[in-house]
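Down below is the structure, laid out as structure tokens.
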Amino acid sequence: MKSLLECLFSAPGNDMPRKLRLIVGESLKILSTCRLNCSAIKCCAHIIHMLYNISVQEIILRLVLAAVIGGVIGAEREYRNKSAGFRTLILISMGSCLFTLVSVLIEDESKDRIASNVVTGIGFVGAGVIFKSETGVKGLTTAATVWVTAAIGMAIAGGFYWAAGVTTFVVLVVLFGLSYVGQMLERKNLHYLYKISFDALDCPDSEYEAFFKEHHLKSMRPGLSKSGDQLRFHYNINGSASAHEELLRKLMSDQRVKHFESIDPN
4 MKSLLECLFS
14 APGNDMPRKL
24 RLIVGESLKI
34 LSTCRLNCSA
44 IKCCAHIIHM
54 LYNISVQEII
64 LRLVLAAVIG
74 GVIGAEREYR
84 NKSAGFRTLI
94 LISMGSCLFT
104 LVSVLIEDES
114 KDRIASNVVT
124 GIGFVGAGVI
134 FKSETGVKGL
144 TTAATVWVTA
154 AIGMAIAGGF
164 YWAAGVTTFV
174 VLVVLFGLSY
184 VGQMLERKNL
194 HYLYKISFDA
204 LDCPDSEYEA
214 FFKEHHLKSM
224 RPGLSKSGDQ
234 LRFHYNINGS
244 ASAHEELLRK
254 LMSDQRVKHF
264 ESIDPN
């Protein structure tokens with residue numbers, strides 16, 4: 004215990020405010036009287052040193068690193084023309100890093116309050132890039148990217164560089180590498196919205212339902228409308244690319260089809 008206290012108050016520890024040094028000393032004495040093992044006491048001392056001995060250069064390094072990593076992730080989103088792109092993710096990563104640093108450096112008992120509110124605030128930002136259209140929900144990947152970029156910024160602020168680096172690597176692999184895997188899977192299960200108009204007196208909707216089953220197309224009819232002497236069916240259809248091509252050929256050759264639209268939700 005004595006060597007630990009000497010280590011704590013030597014060189015870097017001497018720069019701590021007198022009040023803080025007294026608090027640390029008393030805390031270590033209490034820990035020792037409670038018969039906690041040596042590793043727990045060393046852990047407390049390490050955390051205190053880590054939090055209260057951050058130089059200006061280290062703060063700048065962490066902010067710049069957070070901005071760089073946010074920019075790398077944001078570049079991928081920008082390349083794909085997503086709503087939260089290059090500049091947005093730089094600001095999110097660096098802002099999360101700064102808020103976490105402030106929560107550590109301010110003289111307040113509830114130091115985790117600011118950091119926890121960052122997590123809540125990022126949830127609102129992520130929700131802002133999600134929207135629902137008639138063909139489905141879009142923006143979920145971008146929202147998740149915003150969330151994980153904020154987490155990386157907070158990790159950098161805490162000095163967990165390895166955790167931030169590994170997470171960044173995995174994020175880039177998911178966004179770049181797995182996107183091609185996702186495209187291959189999508190080719191086997193493409194989703195399109197079809198709007199098909201038939202003559203009300205000669206409506207072959209049951210025939211098309213049978214066609215969907217024959218070609219393994221999963222269909223859902225969310226809407227039906229009538230305009231004059233025509234009925235308009237809305238179909239959400241999932242299936243392989245070849246099955247969709249067969250459906251398009253049938254629609255184009257069927258004289259009973261007055262009008263149709265094929266809408267790609269992507």
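With this note's numbering as the guide, the letters of the sequence shown map in order to residues 4 to 269.
Glycine is no exception: its CB is placed at the ideal position from the N, C-alpha and C atoms.
query, result
"Rounded to the nearest angstrom, what separates residue 219 and residue 76 at their Cα positions?", "38 Å"
"Taking only beta-carbon atoms, is residue 210 less than 8 Å away from chain C?", "The chain inventory of the structure shown lacks chain C, comprising one protein chain alone."
"By how many angstroms is the C-alpha of residue 244 removed from the C-alpha of residue 200?", "23 Å"
"Shortest alpha-carbon distance to residue 64 belongs to which of 254, 153 and 164?", "164"
"Could you tell me whether the region 200 to 211 touches the region 176 to 188, where touching means 3 or more Cβ pairs closer than 8 Å?", "no"
"Taking the beta carbon of residue 262 as the centre, do at least 16 other beta carbons fall within 10 Å, making it buried, or is it exposed?", "exposed"
"Quick one: any contact between the region 138 to 157 and the region 68 to 82, if contact means 3 or more CB pairs under 8 Å?", "yes"
"Are the CB atoms of residue 149 and residue 95 nearer to each other than 8 Å?", "yes"
"Keeping to the same chain, check which residues put their C-beta closer than 6 Å to that of residue 68; ignore five residues upstream and five downstream.", "159"
"Using three-state DSSP, classify residue 131 as helix, strand or coil.", "helix"
"Taking the alpha-carbon positions, what's the residue 131 to residue 258 distance?", "45 Å"
"If I measure Cβ to Cβ from residue 223 and keep anything under 6 Å in the same chain, skipping five residues before and after, which residues do I get?", "239"
"Give the DSSP bridge partners of residue 233, in chain order.", "202 and 230"
"How is residue 222 classed by DSSP in three states: helix, strand or coil?", "strand"
"Might you give, ordered along the chain, the residues of its own chain that have their beta carbon closer than 6 Å to the beta carbon of residue 128, omitting 5 neighbours on each side?", "149"
"Does residue 192 come out as helix, strand or coil in the three-state DSSP assignment?", "coil"
"Tell me the rounded alpha-carbon separation between residue 93 and residue 167.", "15 Å"
"Pick from 260, 182, 180 and 151: whose alpha carbon is nearest that of residue 170?", "151"
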